[in-house]
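J.:
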Amino acid sequence: LYAEAYGREESLSDLVPAMLSGFLESDRGFTRNRGGGK
């Protein structure tokens, strides 16, 4: 699926850190916007 979307192959070990980082950043933003963050 990634190769179809971006035109190149990437290993799972290269993609997972970027996916987790994006998720954690968006989660912190959600928490901050809800008033639960620092």
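Under our numbering, the first residue of the sequence shown carries the number 44, and numbering increases by one thereafter. We treat Cβ as the ideally placed atom computed from N, Cα and C, and that holds for glycine.
#1: In three-state DSSP terms, what is G65?
#2: Who are the near neighbours of E68 in its chain, counting only those whose CB is closer than 8 Å to its CB and skipping five residues on each side?
#3: Suppose you measure from the CA of L58 to the CA of E47; what does that come to, to the nearest Å?
T.: Reading off the structure:
#1: Helix.
#2: None.
#3: L58 and E47: Cα-Cα distance of roughly 15 Å.
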